[in-house]
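Count the first sequence with this note's numbering and you get residues 78 to 356, in order. Working notes for the structure below.
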Amino acid sequence: MPELPEVERGRRLASSVAEGRRIRRVECADDPIVYDDVDPGDFEATLVGRRVEEVCRRGKQLWFRLDRGPHPLFHFGMTGAFRIPDVAPLKLASSPRRGEGPEWPPRFTKIHLWFSGGGELAMTNARRLGRIRLREEPLAEPPLSKLGPDPLIEMPSPATFAERLRARKGVLKSVLLDQSFVAGVGNWIADEVLYQAKLDPRRRGSSLSEVEARTVARVLSRIIRRAVAVDAEKTMLPRTWLFHRRWGKDPDALTAKGERIEFLEIGGRTTAWVPEVQA
DNA sequence: CTCAGTGTTCAGTG
DNA sequence: TCACTGAACACTGA
78 MPELPEVERG RRLASSVAEG RRIRRVECAD DPIVYDDVDP GDFEATLVGR
128 RVEEVCRRGK QLWFRLDRGP HPLFHFGMTG AFRIPDVAPL KLASSPRRGE
178 GPEWPPRFTK IHLWFSGGGE LAMTNARRLG RIRLREEPLA EPPLSKLGPD
228 PLIEMPSPAT FAERLRARKG VLKSVLLDQS FVAGVGNWIA DEVLYQAKLD
278 PRRRGSSLSE VEARTVARVL SRIIRRAVAV DAEKTMLPRT WLFHRRWGKD
328 PDALTAKGER IEFLEIGGRT TAWVPEVQA
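Right, dumping it as structure tokens:
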């Protein structure tokens, strides 16, 4: 379920287990789709023995900066995640949902890494829209080189953001999802931003006033920082957010304030919005 | 059985 | 070339 905050959670998890450690062993699933342009055997040989200097993220892309290249890049697609072995061996009363149990490595594991010091990390990817790649210079090559600024670590000034947004002719929802405009916004964050900024998702960037465009910048930054601050834990997001009410296209869905939520399809994506606030 | 889906990419169009 | 649109990808879970 990865948008920027969830990918950042993955980065922190990987960082805690991998940074400063050497990769001792690698096991890849036999899945050429997930390996994109990399042969799984080469991949294992490339990584074993390398030291992980830093786990980096930009937008929804993650990569390990190793002591020498090529460096592995990870993209979670719609369903990917990093996992580490469960710490608590105590049996819980309730039975875990499928794929979330204590099984190790977990179901749908595409790569399993062992580090010096005993840590392990697995990347799962049930629907196989994720990608694992190798790059000599990650930031200089696609997909990273095509990304716009990451709103957590390199958010432009409101003035700069507003200028860029007002230069766009496309509808706001699509512009926010464009990873070359800002990196890391996905479907629910785009809807949340437009709800809190009180803007119709079908408005065109070029139609915004300076004040409206700056509001988008401010709200986007605030939402991202808040979601990252709670480590993307959904139940910790403010009750007033559209997030909690937007799922399932429920025709009777209401916001926490009792406003009616409606659904549109914009750029092929389901868009939840609140006409009485955003019209 | 059918279908939506927290994402990206690419061919096609204007 | 830019900007945008829609389809394709893949497969689980509802």
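Even glycine gets a Cβ: it sits at the ideal position worked out from N, Cα and C.
Report task. Compute the Euclidean distance between the alpha carbons of ARG322 and ALA91, then round it to the nearest angstrom. Result -> 31 angstroms
Query raised in the report: Among the residues of its own chain, which have a CB less than 6 angstroms from the CB of VAL296, if the five just before and after it don't count?
Result: VAL270, GLN273, ALA274
Query raised in the report: Which residues in the same chain as VAL351 place their Cβ atom closer than 8 angstroms to its Cβ, once the five residues preceding and following it in sequence are excluded?
Result: TYR272, LEU319, THR332, GLU336, ARG337, ILE338, GLU339
Requested in this report: Classify GLY282 as helix, strand or coil using the three-state DSSP reduction.
Outcome: helix
Requested in this report: Could you check the C-alpha separation between SER284 and ARG243 for me, to the nearest Å?
Outcome: 7 angstroms
Query raised in the report: When the distance is taken between beta carbons, is GLN138 closer than 8 angstroms to PRO220?
Result: yes
Query raised in the report: In terms of residues, what are the limits of the beta strand (DSSP E) holding TRP140?
Result: 138-143
Query raised in the report: For the beta strand (DSSP E) that contains PHE159, what are its first and last residues?
Result: 157-160
Query raised in the report: Would you report the Cα separation of GLY157 and CYS105, rounded to the nearest angstrom?
Result: 15 angstroms
Requested in this report: Could you give the DSSP three-state label for TRP181: helix, strand or coil?
Outcome: coil
Query raised in the report: Ends of the alpha helix (DSSP H) at LEU198?
Result: That residue, LEU198, is in no alpha helix (DSSP H); its beta strand (DSSP E) goes 197-202.
Report task. My understanding is that LYS250 touches THR347, with C-beta atoms under 8 angstroms, so please give their C-beta distance in whole angstroms. Result -> Actually they do not touch by this definition, with Cβ atoms about 10 angstroms apart.
**Report entry** Distance between beta carbons of ARG102 and TRP191, contact taken as under 8 angstroms
**Finding:** 4 angstroms
Requested in this report: State the DSSP-derived secondary structure class of ILE209, mapped to helix, strand or coil.
Outcome: strand
Requested in this report: Would you mind working out which of ARG184, LEU229, LEU211, THR123 sits nearest ARG135, comparing C-alpha positions?
Outcome: LEU229
Requested in this report: Would you mind reading off the limits of the alpha helix (DSSP H) that contains LEU357?
Outcome: Nothing about residue 357 can be reported from this structure: the residues present for the chain run from 78 to 356 only.
**Report entry** Distance between ASP119 and GLU213 (C-alpha atoms, nearest Å)
**Finding:** 14 angstroms
Query raised in the report: Taking C-alpha atoms, which residue in GLN355, ASP255, VAL248, SER193 lies nearest to ALA95?
Result: SER193
Query raised in the report: With DSSP run on the structure shown, which of helix, strand or coil describes GLU357?
Result: Residue coverage of the chain in this structure runs from 78 to 356, which leaves residue 357 outside it and unanswerable.
Query raised in the report: With distances taken between CB atoms, is the gap from LYS187 to ILE209 smaller than 8 angstroms?
Result: yes
Requested in this report: Measure the Cβ-Cβ separation of GLY282 and LYS246 and say whether it is below 8 angstroms.
Outcome: yes
**Report entry** Through-space distance from ALA267 to PRO109, alpha-carbon basis
**Finding:** 32 angstroms
Query raised in the report: Ordered along the chain, which non-local residues of its own chain (more than five positions away) have a Cβ less than 8 angstroms from that of ARG279?
Result: VAL248, LEU249, LYS250, LEU341, ILE343
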